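Residue numbers (the working numbering), protein chains in the order written: chain A, 1 to 22; chain B, 1001 to 1217; chain C, 2001 to 2299.
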Amino acid sequence: LLPCSVRFDGAAPVKAFMRERN
Amino acid sequence: PEQWVLIAPEAATEPPKTPDSEPVFTKLRNPSTGEATLYLFNSGAQQLFEVKAFHEEYHSWFIGETVQQDGRLLFITPMDPLFLILYYLMKADKEQQGKFQPLDQVVLDSEYPYCPLLLKCEGVKQSICHIAEEKEIGSQKFHKYSQEKTLKWLKKKVNQTVKALKSNGICVGERIYSSTFVSSKQITDSEEDYVRYAHGLISEYITEELSKELSKY
Amino acid sequence: MALAELERDPAGGGRFSSPVPPSCRSRPCVLGVDEAGRGPVLGPMVYAICYCPKEQLQELEAMGVADSKTLSESERERRFGLLEAAGELLGWALQVLPPQHISACMQQRAKYNLNELSHDTATELIQHALDNGVQVAEVFVDTVGPAEKYEAKLRGRFPGLEVTVRPKADALFSIVSAASICAKVARDRAVKCWNFTEDLGDDIDRDYGSGYPNDPKTKEWLRRNLQPVFGFPGLVRFSWGTAQELLRHGGVPVTWADEDPSQDPSAPTSVLSYFSRSSPRRSPHRFFQERSLKPVAEL
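Here it is, written out as structure tokens:
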């Protein structure tokens, strides 16, 4: 869940730009 | 968008036993506001669920390798269909001057074609007597709204809600505390606070008129 | 060799320095400060100091470090090699400011502009030399902004030192020129060996030209590597006008809860909006309000 509103629905290279951390 | 993020109990997402009995999201008349509100019937319309959204401004989702603009998180929770049926019973009572009627003629709404599914929900036929008087003529049953029974039923709902509020540690007092406020004394809410709060919660599911009657009761 | 650590992780930035020559601990030294990479829209900004005993300045000049701006990249590399080899004579230190750090400073709520960042970085490097026992007597600093104000600021900060701030100081003072070489070489290597923290695949596009905003090759690279949701890789300074313009046109609009309303071009709220004309609807129960739970009319 993002703390911002992204005005787009569709593909995004999430794994390329973000790292998961617990 | 073609996807939503929701939290639901298993019962809401059980696979259908037949092809034409899949879970269905549908709009029904909100018993409190009278407005269209989204509900879910699970497979075979065994159970009714209400749909609420955790909705704050400025949220979106990353779902796998996609971004979704709609930042709502939907909560699907079981709901007693009697609340919705109650609305139609009360309406019929006003319009038909207290006549006994078959339920399938009462629970009808031209704006909400899925409304009759409420009568299919498990336990409805057995528990309708909590809110209505019943007459049997031959093999057919007829029902009429009963305020006395309904208030008694709603009082039980309030009491159950009080129990749930206590066991979940929900703060119900009129005073507002910061979540970081630490008191040396344990903050205890009065019984009246609990009942008032629970009445308020139950009132979200009944008409304003009935809520006032319940408050007096 | 000295910059091997920087080449391993240029995106990480940080401070890199040579050992302090013993002579610099016992003799009064001159110290030069310069920067590299102020203008480009790509890559880090590098601040460098170079210092040596005052009496050994001529030896420094003999290495041909004067007029570093006129040198080609390979010539700069060669001169840097000479400086490295003269470890008994002089020392150096670098502060590498990654592009994301520059962007964050310039865009944070309490704005920290590039000039302030530059001055503070230079100040920290001078202090670093002092903290490591260098007997700094005179400081020479290159500047693009007003020299007098900056000079007064540094004199105030370092009252015991003779401070000279001049535009184009690298052409006037060989110690500044030496610092300039260190800064430029470090930046060139950082950009060349840039480790993209983003997983952009094996064929990362490194054909970014000079990195200056008016370089068509750089602009083309920016257009090719603009991802509508995430923007650019971290190599790019998002706070640069060029990057912001491209994002405005090619990026997806994103709104944050704490965006400054004074930047919103829409008209101020009408006073009438505070007076409701319609009868108030019953508000949801506190339980739902506190948890931002709302009924759903439509999916």
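Cβ atoms here follow ideal geometry from the backbone N, Cα and C, with glycine treated the same way. This one's a predicted model, so the numbers in the text were calculated from it and none came from an experiment.
Contact set between residue i and chain B, taken where Cβ atoms lie within less than 8 Å
| i | result |
| --- | --- |
| A/R7 | Q1069 |
| C/S2292 | F1054, H1055 and E1056 |
| C/T2255 | Y1058 |
Residues that residue i contacts on chain B, provided the C-beta gap is smaller than 7 Å
| i | result |
| --- | --- |
| C/P2233 | Residues of chain B passing the Cβ test: none, with the nearest at roughly 18 Å. |
Partner residues on chain A for residue i, Cβ-Cβ distance less than 7 Å
| i | result |
| --- | --- |
| C/E2200 | Strictly speaking, residue 2200 of chain C in this sequence is Leu, with Glu absent from that position. What C/L2200 touches in chain A: A16. |
| C/V2229 | V6, F8 and A12 |
| C/V2252 | V6, R7 and F8 |
Selection from the options that minimises the alpha carbon distance to residue i
| i | options | result |
| --- | --- | --- |
| C/A2002 | C/S2292, C/E2077, C/K2219 and C/E2162 | C/E2077 |
| C/Y2047 | C/V2065, C/L2071 and C/G2014 | C/G2014 |
| C/R2206 | C/D2170, C/W2221 and C/L2154 | C/W2221 |
| C/T2121 | C/V2033, C/F2288 and C/V2041 | C/V2033 |
| B/Q1196 | B/Y1217, B/Q1046, B/A1036 and B/E1095 | Here residue 1196 of chain B is Arg; the residue named in the question, Gln, does not match the sequence. Answer by Cα proximity: B/Y1217. |
| C/E2084 | C/R2109, C/E2138 and C/C2052 | C/C2052 |
| C/A2243 | C/Y2112, C/T2255, C/L2226 and C/D2258 | C/L2226 |
| B/L1119 | B/I1202, B/V1051 and B/I1085 | B/I1085 |
| B/Q1046 | B/F1142, B/T1013, B/S1139 and B/N1030 | B/T1013 |
| B/K1017 | B/S1043, B/V1024, B/A1132 and B/L1165 | B/S1043 |
| A/K15 | B/I1063, B/K1052 and B/F1041 | B/I1063 |
| C/R2237 | C/T2164, C/V2165, C/L2097 and C/L2299 | C/L2097 |
| C/S2174 | C/R2286, C/K2054 and C/P2146 | C/K2054 |
| C/F2287 | B/E1204, B/S1215 and B/E1134 | B/E1204 |
| C/P2099 | C/D2142, C/F2080 and C/G2043 | C/G2043 |
| C/R2025 | C/M2106, C/S2072, C/E2061 and C/Q2135 | C/Q2135 |
| C/A2152 | C/V2144, C/T2164 and C/K2219 | C/T2164 |
| A/L1 | B/T1026, B/V1067 and B/E1002 | B/V1067 |
| C/E2005 | C/L2235, C/A2190 and C/P2233 | C/A2190 |
| C/E2198 | C/R2223, C/S2177, C/S2210 and C/L2235 | C/L2235 |
| C/R2282 | B/T1188, B/S1032 and B/A1164 | B/S1032 |
| B/I1128 | B/L1214, B/L1082 and B/E1148 | B/L1082 |
| B/G1138 | B/Q1126, B/C1171 and B/P1102 | B/P1102 |
| B/L1040 | B/C1171, B/I1170, B/Q1140 and B/L1117 | B/L1117 |
| B/N1168 | B/Y1194, B/V1182 and B/K1156 | B/Y1194 |
| B/E1050 | B/S1060, B/T1026 and B/A1132 | B/T1026 |
Own chain residues within Cβ distance below 7 Å of residue i, not counting five before or after
| i | result |
| --- | --- |
| C/R2157 | T2123 |
| B/G1098 | K1144 |
| C/W2240 | V2041 and P2213 |
| B/P1019 | none |
| C/D2203 | none |
| C/L2125 | V2033, Y2047, I2049, A2093 and Q2095 |
Residues near residue i by beta carbon distance below 6 Å, same chain, minus five either side
| i | result |
| --- | --- |
| C/A2036 | V2046, A2183, K2184 and R2187 |
| C/L2247 | G2231 |
| B/F1054 | L1073 |
| B/P1201 | In the sequence under discussion, the amino acid at residue 1201 of chain B is Leu, which differs from the Pro named in the question. Excluding residues within five positions, the ones whose Cβ falls inside 6 Å are T1161. |
| C/G2250 | L2226 |
| B/D1189 | V1172 and G1173 |
Same chain, Cβ closer than 8 Å to residue i, neighbours up to 5 away in sequence not counted
| i | result |
| --- | --- |
| B/M1090 | Y1145, T1207 and L1210 |
| B/R1029 | E1035, A1036, T1037, L1084, Y1087, D1109, E1111, Y1112 and C1115 |
DSSP beta-bridge partners of residue i
| i | result |
| --- | --- |
| C/P2053 | C/C2029 |
| C/M2063 | Partner(s): none; C/M2063 has no beta bridge. |
| A/S5 | C/T2255 |
| C/P2295 | B/K1052 |
| C/Y2047 | C/E2035 and C/Q2095 |
| B/I1007 | B/F1075 |
| A/A11 | B/T1066 |
| C/S2017 | C/A2093 |
| B/E1133 | B/K1144 |
| C/L2042 | C/V2236 |
Closer than 8 Å at the beta carbon, the chain C residues around residue i
| i | result |
| --- | --- |
| B/E1204 | P2284, H2285 and F2288 |
| B/G1200 | H2285, R2286 and F2287 |
| B/L1038 | P2295, V2296, A2297, E2298 and L2299 |
| B/N1030 | P2295 |
Proximal chain C residues relative to residue i, where beta-carbon distance stays under 9 Å
| i | result |
| --- | --- |
| B/V1051 | P2295, V2296 and L2299 |
| B/E1208 | R2282 |
| B/W1153 | Within chain C, no residue comes near B/W1153; the closest Cβ sits about 20 Å away, beyond 9 Å. |
Under 8 Å from the C-beta of residue i: neighbouring residues of chain E
| i | result |
| --- | --- |
| B/F1062 | In the structure shown, chain E cannot be found, because the protein chains are A, B and C. |
Interface residues of chain A facing residue i [CB-CB closer than 8 Å]
| i | result |
| --- | --- |
| B/V1073 | First, the residue type needs correcting, since residue 1073 of chain B is Leu and not Val in the sequence shown. Within 8 Å Cβ-Cβ: L1. |
Interface partners of residue i on chain C, CB under 7 Å
| i | result |
| --- | --- |
| B/F1025 | L2299 |
Within chain A, partners of residue i - CB distance below 9 Å
| i | result |
| --- | --- |
| B/S1066 | Checking the sequence, you will find Thr at residue 1066 of chain B rather than Ser. The contacting residues are D9, G10, A11, A12 and V14. |
Just list the beta strand (DSSP E) runs in the region 1058 to 1120 of chain B, keeping only unbroken ones of 3 residues or longer that don't cross its boundaries, in chain order.
1061 to 1063, 1066 to 1068 and 1073 to 1079
What runs of the beta strand (DSSP E), each 3 residues or longer, lie entirely inside the region 1137 to 1170 of chain B?
1140 to 1145
With a floor of 3 residues, list each beta strand (DSSP E) that falls wholly inside the region 2206 to 2257 of chain C, ordered by position along the chain.
2254 to 2256
Starting from the N-terminal side, write out each stretch of the beta strand (DSSP E) that is 3 residues or longer and does not extend beyond the region 1010 to 1066 of chain B.
1024 to 1029, 1036 to 1041, 1048 to 1054 and 1061 to 1063
Completely contained alpha helix (DSSP H) runs for the region 2115 to 2177 of chain C, where each covers 4 or more residues
2147 to 2157 and 2169 to 2172
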